[in-house]
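Trainee:
In the working numbering, the protein residues as written are 176 to 332.
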């Protein structure tokens, strides 16, 4: 009966520390002056609350994590293991045939193909601008053109 049926996290403890600190100032604004620091500067209630929570977080960081127990995981029936452990370190070959067919069907210009390849490699717009030496307007125009061709061939979704 003494077991807790919910997880208590350190984030909950931080929020509780802030709420308990602010509760003593119920009815007052957080912009009111709480006191003065060592240098004589005024401290608001809000800043004092931040400092209290910061002290609590520092105490969590300094405390050893000895109360947590390591649970044993039975890896015999673990779904994330590869099917063939002998070849698990070999790179899987990705088939880009479907991508190549799609790009060929779109009949993209060299610039549009370069923009598409940059985005397929995970680049953001600023990186594409720097890589290809073109402006954002050109990129947006070409992306819209690619999108329009794709929708005309394959439909919207």
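Idealized CB from N, CA, C, for every residue including glycine. These figures come from a predicted structure and were not determined experimentally.
(1) So, is residue 195 buried or exposed, given that buried needs 16 or more other C-beta atoms within 10 angstroms?
(2) What separation, rounded to the nearest whole angstrom, lies between the Cα atoms of residue 208 and residue 323?
(3) May I have the straight-line CA-CA distance separating residue 176 from residue 220, to the nearest angstrom?
(4) How far does the alpha helix (DSSP H) with residue 272 in it extend, from its first residue to its last?
(5) Name the two residues that bound the continuous alpha helix (DSSP H) containing residue 312.
(6) Since residue 317 and residue 286 should fall inside the 8 Å C-beta cutoff, what is the C-beta to C-beta distance between them, to a whole number of angstroms?
Mentor: A quick look at the data gives this:
(1) Looking up residue 195 in the chain shown gives position 20. Under this definition residue 195 is an exposed residue.
(2) Against the chain shown, residue 208 aligns to sequence position 33. Against the chain shown, residue 323 aligns to sequence position 148. Here the alpha carbon of residue 208 sits roughly 59 Å from the alpha carbon of residue 323.
(3) Walking along the chain shown from the start, residue 176 turns up at place 1. Walking along the chain shown from the start, residue 220 turns up at place 45. The predicted position of residue 176 is uncertain, since its pLDDT is 46 and thus under 50; a value taken from the coordinates is nonetheless stated next. As the crow flies, the alpha-carbon of residue 176 is around 40 Å from that of residue 220.
(4) Locating residue 272 in the chain shown gives position 97, counting from the first residue. In this chain, the alpha helix (DSSP H) harbouring residue 272 covers 272-281.
(5) By one-based count along the chain shown, residue 312 stands at place 137. That run of the alpha helix (DSSP H) goes 311-329.
(6) Residue numbering aside, residue 317 sits at position 142 when the chain shown is read from its first letter. Residue numbering aside, residue 286 sits at position 111 when the chain shown is read from its first letter. Yes, they are in contact, since the Cβ atoms of residue 317 and residue 286 sit about 6 Å apart, within 8 Å.
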